[in-house]
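Student:
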Amino acid sequence: MIRTRIERSEGALGPLAGRVLAAAARSLTRRAGLASWFLKWAGVEQDAVSLYTYETRSIPGLLQPETYIRAIYDRRLPPVTEEQLERQVVARLDRQRILTERPETAFSFVFEQALLERRMGGDSVTADVIDHLLHMGARRNVEIQMMPLRQEDHVGVDGHMYLAETPDHRWIGYTEGQRSSNLISAPKDVSVLLQRYGKLRAQAHDCRATVDLLKRMRGAL
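According to our numbering, the sequence shown is numbered sequentially starting from 2.
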């Protein structure tokens with residue numbers, strides 16, 4: 002229905018108005034299934050010119066295939082209804098469209114190898130995740146690195162972090178807890194996160210080594 006209305010508006014108001022309305026509709030769809038504490042970061046994320054992610058809990062949300070998203074929400078406590086699950090899946094998949102809609106945005110992801118070794122959802126889901134990572138990692142604007150299982154020199158002990166460079170080239174950080182979040186804008190604090198993220202990239206497997214490791218892991222399933 003929304004798409005039909007947008008097409009009618011474009012016919013009446015012109016293509017520019019149609020594109021503006023389409024962008025607004027996508028934004029509303031993406032936010033519909035997002036947690037309330039995530040909304041501020043979702044707004045930052047959509048406009049960022051650079052996005053950095055270090056994850057220790059699950060495969061980064063922007064890189065999750067549908068089977069993995071469903072595996073997460075199937076195990077969510079308290080349990081969700083089928084309608085809630087579908088809404089979450091749609092919202093996350095819609096959010097992922099920034100990877101293809103914003104080819105000028107630089108995306109960097111570092112995550113722990115242990116997240117794949119856990120095999121969330123089983124072998125078939127893990128295979129889907131690896132295939133998806135290999136596919137997305139081939140994009141010009143996406144860098145994916147895995148942190149080895151053994152890394153004695155590891156600066157990520159304080160947990161996950163997200164960093165975004167805004168269109169006016171300021172940096173904003175983000176962290177998340179149990180049903181809560183923290184948007185970090187103080188330059189001194191953001192500087193700490195940037196220093197740590199830079200070190201994490203140096204400590205993780207580089208992109209080529211990550212691809213080789215992913216292929217070996219895929220073959221072992």
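C-beta atoms are modelled at their ideal positions from N, C-alpha and C, and glycine is treated no differently.
Cβ atoms of Thr101 and Ala49: under 8 angstroms apart, would you say?
Tutor: For this step, residue 49 is matched to residue 48 along the sequence shown. For this step, residue 101 is matched to residue 100 along the sequence shown. No, they are not a contact pair.
Student: Give me the Cβ distance between Ala165 and Leu52, rounded to the nearest whole Å; I'm assuming they're in contact under 8 angstroms.
Tutor: The count along the sequence shown starts at 1 and reaches residue 165 at position 164. The count along the sequence shown starts at 1 and reaches residue 52 at position 51. Indeed, because the Cβ distance is near 5 angstroms, the residues count as touching under 8 angstroms.
Student: For Tyr53, write down the residues that DSSP places opposite it in a beta bridge.
Tutor: To locate residue 53, count along the sequence shown from 1; it is residue 52. The partner list for Tyr53 (beta bridge, DSSP) reads Ser109 and Leu164.
Student: Three-state secondary structure (DSSP) at Thr101?
Tutor: Counting from one through the sequence shown, the residue named residue 101 turns up at place 100. Helix, per DSSP.
Student: Going by C-alpha distance, which of His133, Ala205, Ala36 and Glu113 is nearest Gln85?
Tutor: Here the question's residue 85 lines up with position 84 in the sequence shown. The residue with the shortest Cα to Cα distance from Gln85 is Ala36.
Student: Please check the pair Val130 and Tyr55, which I expect to be a contact at CB under 8 angstroms, by giving their CB distance rounded to whole angstroms.
Tutor: Translated into the one-based positions of the sequence shown, residue 130 becomes position 129. Translated into the one-based positions of the sequence shown, residue 55 becomes position 54. Wrong, their Cβ atoms sit about 17 angstroms apart, outside the cutoff.
Student: Output the distance between the C-alpha atoms of Gly44 and Thr82, rounded to the nearest integer angstrom.
Tutor: Taking the first residue of the sequence shown as position 1, residue 44 is located at position 43. Taking the first residue of the sequence shown as position 1, residue 82 is located at position 81. Spanning the two alpha carbons is a distance of roughly 26 angstroms.
Student: Measure from the alpha carbon of Glu113 to the alpha carbon of each residue in Ile145, Trp172, Gln179 and Glu177, then state which is nearest.
Tutor: For the purposes of this step, residue 113 is identified with residue 112 of the sequence shown, where counting begins at 1. Measuring from the Cα of Glu113, the nearest candidate turns out to be Ile145.
Student: On the criterion of 16 or more Cβ atoms from any shown chain inside 10 Å, does Ala187 qualify as buried, or is it exposed?
Tutor: Looking up residue 187 in the sequence shown gives position 186. The residue is exposed, with fewer than 16 neighbouring Cβ atoms inside 10 Å.
Student: In whole angstroms, what is the alpha-carbon distance linking Glu118 and Arg180?
Tutor: In the sequence shown, residue 118 corresponds to position 117, counting from 1. In the sequence shown, residue 180 corresponds to position 179, counting from 1. Roughly 26 angstroms between the two C-alpha positions.
Student: Would you identify the three-state DSSP class for Gly178, choosing helix, strand or coil?
Tutor: Position 177 of the sequence shown holds residue 178. Three-state result, Gly178: strand.
Student: Can you tell me which of Ala210, Gly157, Gly122 and Thr176 puts its alpha carbon nearest to the alpha carbon of Gln196?
Tutor: On the sequence shown, position 195 is the one that residue 196 refers to. The residue with the shortest Cα to Cα distance from Gln196 is Gly157.
Student: Would you identify the three-state DSSP class for Gln1, choosing helix, strand or coil?
Tutor: For residue 1 there is no data in the structure shown, the boundaries of the chain being 2 and 222.
Student: Taking just the CA atoms, how far does Glu87 sit from Arg202?
Tutor: The residue given as residue 202 occupies position 201 in the sequence shown. The residue given as residue 87 occupies position 86 in the sequence shown. Arg202 and Glu87: Cα-Cα distance of roughly 34 angstroms.
Student: Determine, using beta carbons only, whether Leu222 and Ala128 come nearer to each other than 8 angstroms.
Tutor: As a position in the sequence shown, residue 222 is number 221, starting the count at 1. As a position in the sequence shown, residue 128 is number 127, starting the count at 1. In contact: Leu222 and Ala128 (Cβ atoms closer than 8 angstroms).
Student: What number of angstroms, rounded off, separates the C-alpha of Ala115 from the C-alpha of Gly123?
Tutor: Position 114 of the sequence shown, counting from 1, holds the residue named residue 115. Position 122 of the sequence shown, counting from 1, holds the residue named residue 123. About 14 angstroms.
Student: Nearest to Met147 by CA position, among Asp207, Met218 and Asp132, is which residue?
Tutor: Working through the sequence shown from its first residue, we reach residue 147 at position 146. Met147 has its Cα closest to that of Asp207, out of Asp207, Met218 and Asp132.
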